[in-house]
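A short write-up of the structure that comes next.
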Amino acid sequence: MAGIGGAVTTGRKARWTVLNVLVVAYALFPVLWIVSLSFKTKETLGDGNFIPRAWTFDNYAAIFSTTEFVRALVNSIGIALIATAVAVVFGTMAAYAIARLDFPGKRLLVGVSLLIAMFPQISLVSPLFEIERGLGLFDTWLGLILPYITFALPLAIYTLSAFFREIPWELEKAAKMDGATPGQAFRRVIAPLAAPGVFTTAILVFIFCWNDFLFAISLTSTESSRTVPVALSFFTGGSQFEDPTGSIAAAAVVITIPIILFVLFFQRRIVAGLTSGAVKG
Amino acid sequence: MSHALNDETAVAVAAKPKLSPKAKAALSEGKKAERRLGLLLCAPAILIMAAVAGWPIIYSIWLSLQRYDLKFPDRTEFVGLDNYITVLSNPYWWNAMWVTVLITVVSVAIELVLGMALALIMHRTLVGRGIVRTSTLIPYGIVTVVAAFSWRYAWTPGTGYLAETVAGGDPVLTEKLPAIMVVTLAEIWKTTPFMALLLMAGLALVPEDLLKAAAMDGATAWQRFTKVMVPVMKPAILVALLFRTLDAFRIFDNLFVLTAGSQGTSSVSMLTYNNLIKGLNLGIGSTMSVLIFIAVAIIAFVFVKLFGTAAPGSDGGGRR
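As structure tokens, then:
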């Protein structure tokens with residue numbers, strides 16, 4: 011892509027480099043700031059310096075020694091993984107049907123899931139609060155997993171059906187003609203083609219569950235099912251006079267690590283996944 | 054939809070024109086099986102969405118018609134539309150509504166401009182495209198609460214780098230308008246990349262030849278942008294605007310961490326949460342829930358009406 015009416019000159023490259031640096035700085039500044047806070051010592055926490063004057067791991071040691079944080083981390087990981095797994099399996103089934111089969115109510119299903127995706131989540135919090143208290147689901151893993159699946163399903167169906175439409179399904183027939191059994195055709199031909207889409211969707215769904223705050227703060231009340239974003243907002247520090255800033259920053263950095271890893275390793279996929287449904291919609 | 058299947062049946066019908074009644078029977082048998090399989094595959098998704106989204110919505114309408122305060126459970130009774138009158142005549146509700154609208158309009162407008170710039174950079178940059186795209190995904194992916202804490206500490210006098218340099222040591226988060234501005238900025242930072250990605254998908258559809266031709270004909274860069282790119286990108290722009298408007302309207306996490314709704318900075322979601330979880334007033338909370346739902350429905354309806362078929366959902370199943 012040489013741009014319009016001009017060769018790639020050093021000047022153009024330099025201009026783009028400046029713009030790129032601006033974008034990267036924009037994206038990283040707040041992240042680096044919270045990282046910096048997490049490494050500051052108690053004494054320097056309030057100095058307002060962007061880069062710590064004195065470095066320490068104390069904040070990390072402190073949060074990992076509390077059950078409050080460790081339990082929340084276990085909850086976050088467990089709840090997000092289970093919800094992602096279920097949403098992706100059910101989403102894959104539905105998306106396959108939407109992409110390949112003809113059945114009544116298909117349009118309705120797509121329409122309704124789009125509706126749910128756009129839904130104000132707070133509108134669901136009040137009835138769920140009451141329903142879950144009645145069913146004994148309030149403040150349990152399942153009590154969070156269920157709404158997560160519900161909101162993740164539209165995302166999964168939407169993204170996956172866009173992916174599935176791109177798969178050259180004729181290959182399946184071709185494989186069968188060449189003597190492959192249906193099982194082999196699926197395993198050797200279709201599964202490898204579908205896997206990237208499913209994987210991408212799993213990442214997006216996981217990020218969604220990992221990110222949630224509203225359901226987590228409304229539908230939990232104790233450590234037993236509180237996730238990290240909520241636990242963070244309840245951090246108080248060791249005593250009334252202790253400032254929790256360092257602990258909050260350290261915990262914030264810990265739950266940012268998976269996101270950074272996803273973004274670093276699967277940038278291309280995440281971009282493809284986010285944009286797949288958008289244009290054709 | 055089912056390219057392969059349709060082609061198959063078309064071939065089958067064409068090849069055996071004489072056996073048409075029989076073929077038809079077989080075909081409808083196959084069709085029936087296909088329908089069954091389709092519904093079966095969708096059943097789990099439909100059941101969960103119906104149970105965890107559909108039923109609660111109906112239930113919340115019922116709750117909104119009750120006087121139902123968990124602090125006084127004995128006084129629960131059906132009160133008709135009383136809760137709606139209470140909420141709609143309450144200045145706090147309208148303040149929250151205006152705050153929400155203000156944050157939504159300002160953040161989406163700025164995001165559209167910034168997002169377009171970012172999309173152009175990501176799409177056209179000659180160097181380091183991978184790095185740019187990777188780093189823009191960080192605001193998108195990062196936990197909103199984490200980002201919000203980063204901003205909160207940045208603006209806290211004594212702790213933050215922005216408080217001293219930009220705000221001159223003022224506690225900006227304790228005054229209404231400055232606090233709303235900070236919340237809006239946090240929202241813009243977090244969601245501009247998402248907007249940019251959706252716009253970039255639209256940019257990819259702009260034919261390079263068309264831009265070259267326009268350049269040859271002497272169109273300036275700005276003309277190429279407004280006369281060539283924007284018209285082609287229009288569907289993508291509308292999708293991005295709709296997604297972000299509805300998303301911004303439910304703002305909660307950023308506000309919770311940055312101001313907790315103090316100094317009249319509550320959004321409608323924040324106010325509902327406070328009535329429901331803090332105040333344990335299920336009746337009023339549900340009423341607000343229903344009202345927010347209606348507001349979102351109106352926004353979506355206006356988008357679809359204004360922009361017709363270009364908006365998503367209007368032709369949801371019609372994609373091939």
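Taken in sequence, the protein lines are chains A and B. According to the working numbering, the residues represented by the first sequence are 11 to 291, in order. According to the working numbering, the residues represented by the second sequence are 54 to 373, in order. We treat Cβ as the ideally placed atom computed from N, Cα and C, and that holds for glycine.
The residue from A:Leu-83, A:Phe-100, A:Val-41 and A:Ser-171 with its alpha-carbon nearest to that of Thr-285 of chain A is A:Ser-171.
Contacts with chain B at 8 Å (Cβ-Cβ) do not include Trp-151 of chain A.
Excluding its 5 nearest sequence neighbours in each direction, Ala-105 of chain A has C-beta neighbours in its own chain below 6 Å: Ile-167, Leu-170, Ser-171 and Phe-174, listed in chain order. Counting only runs of 4 or more residues that sit fully inside the region 169–247 of chain B, the alpha helix (DSSP H) segments are 182–194, 197–208 and 214–218, in chain order.
Contact annotation for Pro-224 of chain B against chain A: no contact, minimum CB-CB distance about 13 Å [criterion: below 9 Å]. Per DSSP, the continuous alpha helix (DSSP H) segment holding Gly-88 of chain A begins and ends at 77–110. Going by C-alpha positions, Val-158 of chain B is about 24 Å away from Ser-203 of chain B. DSSP places Glu-53 of chain A in the coil class of the three-state scheme, outside both helix and strand. Of all residues in the region 295–307 of chain B, those with a C-beta nearer than 9 Å to a C-beta of chain A are Leu-295, Phe-296, Leu-299, Asp-300, Phe-302, Arg-303, Phe-305 and Asp-306, reading in chain order.
Here DSSP, grouped into helix, strand and coil, assigns Glu-130 of chain B to strand. For Trp-146 of chain B, the number of other beta carbons within 10 angstroms of its own is at least 16, and it is reported as buried.
Contact between Leu-116 of chain B and Gly-336 of chain B holds, with the beta-carbon distance rounding to 6 Å and staying under 8 Å. Exclusion of the five residues before and after Thr-230 of chain A leaves Asp-149 and Arg-236 as the residues of its chain whose Cβ lies within less than 6 Å of its Cβ. Neighbours of Trp-204 of chain B in chain A, taken as residues whose beta carbon is under 7 Å from its own, are Pro-40 in chain order.
Apart from the 5 residues on each side of it in sequence, Phe-131 of chain B sits with its Cβ closer than 7 Å to the Cβ of Leu-118 and Gln-119 in its chain, given in chain order.
Our two residues, Lys-287 of chain B and Ile-174 of chain B, have alpha carbons roughly 19 Å apart in a direct line. For the region 309–324 of chain B, the set of residues with a beta-carbon nearer than 8 Å to any beta-carbon of chain A comprises Phe-309, Val-310, Val-321 and Ser-322, in chain order. Closer than 8 Å to the CB of Phe-346 of chain B there is at least one CB belonging to chain A.
If you compare the alpha carbons of A:Leu-118, A:Val-31, A:Glu-176 and A:Cys-219 with that of Ala-103 of chain B, the shortest gap goes to A:Leu-118.
Residues of chain A with a Cβ closer than 8 Å to the Cβ of Arg-88 of chain B are, in chain order, Leu-111, Asp-112, Phe-113 and Pro-114.
Taking 8 Å as the threshold, the shortest C-beta distance from Tyr-137 of chain B to chain A does not fall below it.
Neighbours of Val-122 of chain A across chain B, judged by C-beta separation under 8 Å: Met-102. Against Tyr-106 of chain A, the close residues of chain B are Leu-94, in the order they occur along the chain (beta-carbon pairs closer than 8 Å). Inclusion of Ala-107 of chain A and Leu-94 of chain B in the CB contact set at 8 Å is warranted, their separation being smaller than that value. Thr-77 of chain A and Val-238 of chain A have their C-alpha atoms spaced approximately 12 Å apart.
A contact between stretches requires three or more CB pairs, one per stretch, nearer than 8 Å, and the region 183–194 of chain B meets this requirement with the region 34–48 of chain A. Under the 8 Å criterion on CB atoms, Ser-257 of chain A is classed as non-interfacial with respect to chain B.
Closer than 8 Å to the CB of Trp-242 of chain B there is at least one CB belonging to chain A. The shortest C-alpha to C-alpha distance from Thr-94 of chain A to any of A:Thr-210, A:Thr-19 and A:Lys-183 is the one to A:Thr-210. Taking 9 Å as the upper bound on Cβ-Cβ separation, chain B lies near residues Leu-55, Gly-56, Asp-57, Gly-58, Asn-59 and Phe-60 of the region 55–80 of chain A. A Cβ-Cβ separation of about 6 Å places Val-285 of chain B in contact with Leu-258 of chain B under the 8 Å criterion. Annotation for Leu-229 of chain A: no alpha helix (DSSP H) segment contains it, and DSSP assigns it neither H nor E.
Looking at B:Ile-114, B:Leu-311 and B:Gly-332, the one whose alpha-carbon comes closest to that of Phe-125 of chain B is B:Gly-332. Listed along chain B are Val-180 and Gly-181, each with a C-beta nearer than 8 Å to that of Thr-27 of chain A. For Gly-189 of chain A, no alpha helix (DSSP H) run applies, since DSSP gives it neither H nor E. The C-beta distance from Leu-299 of chain B to Ser-136 of chain A rounds to 19 Å, too long to fall under 8 Å, and the pair is not in contact.
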